[in-house]
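Worksheet: the structure to be examined is printed underneath.
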Amino acid sequence: MPVYLALALGGALGAIARYWMTSGLNQPGQMAFPLGTLSVNVLGSFFIGGLYIYLSERPELSEVYRHLLITGFLGALTTFSTFSLETLLLIEQGHYNTALFNVLSSVMFCLGSAYLGISLAKAFL
Numbered sequence: 188m189p190v191y192l193a194l195a196l197g198g199a200l201g202a203i204a205r206y207w208m209t210s211g212l213n214q215p216g217q218m219a220f221p222l223g224t225l226s227v228n229v230l231g232s233f234f235i236g237g238l239y240i241y242l243s244e245r246p247e248l249s250e251v252y253r254h255l256l257i258t259g260f261l262g263a264l265t266t267f268s269t270f271s272l273e274t275l276l277l278i279e280q281g282h283y284n285t286a287l288f289n290v291l292s293s294v295m296f297c298l299g300s301a302y303l304g305i306s307l308a309k310a311f312l
């Protein structure tokens with residue numbers, strides 16, 4: 188499969204997964220804490236950490252798999268731009284503590300999740 192098709196397939200599946208997760212967790216019509224965005228970013232961070240180690244240990248796997256899974260699927264699943272917009276909207280609406288919590292929890296949980304994914308992949312490989 189050509190790389191651009193792998194990217195398109197992974198991106199389409201990742202975008203659908205993000206929509207499904209965020210629409211189920213975020214409350215439509217109101218700007219509460221953006222749990223859906225935090226969830227997809229933490230989950231994506233975990234999987235990118237684990238997949239990075241797994242794919243690094245499997246050089247025989249085609250580069251297409253790396254693009255399909257990491258750049259395509261996880262790139263579309265996770266979203267820094269939505270995180271940024273939601274944080275700015277919280278600030279604009281005067282929800283300063285919620286915005287600060289969103290920033291701190293996103294950074295801490297995403298880094299921790301990526302570390303956990305890396306650690307688990309190393310333990311099982």
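The sequence shown begins at 188 in the numbering used here and counts up one residue at a time.
Glycine residues also receive a C-beta, built at the ideal position from the N, C-alpha and C atoms.
Quick caveat: nothing in here was measured; it's all calculated off a predicted structure.
Nearest in C-alpha terms to L225, of all of G299, L242, A199, is G299. Between the alpha carbons of N289 and I278 lies a distance of about 11 Å. Between the region 188–208 and the region 232–243, the count of C-beta pairs closer than 8 Å stays below three; the two stretches do not touch. Each residue's CA atom was taken as its position, placing T209 and V227 some 7 Å apart. For L261, there is no enclosing alpha helix (DSSP H), as DSSP marks it with neither H nor E. The region 193–264 is shown to contain whole alpha helix (DSSP H) runs of 4 or more residues at 222–243, 250–253, in chain order.
Taking the C-beta atoms as reference points, G223 is found no nearer than 8 Å to L261.
In this structure, T274 lies away from A263, with their beta-carbon atoms at least 8 Å apart. Taking all protein chains shown into account, F270 has 16 or more neighbouring C-beta atoms within 10 Å of its C-beta and is therefore buried. In this structure G197 is in contact with G259, their Cβ atoms being roughly 2 Å apart against a cut-off of 8 Å.
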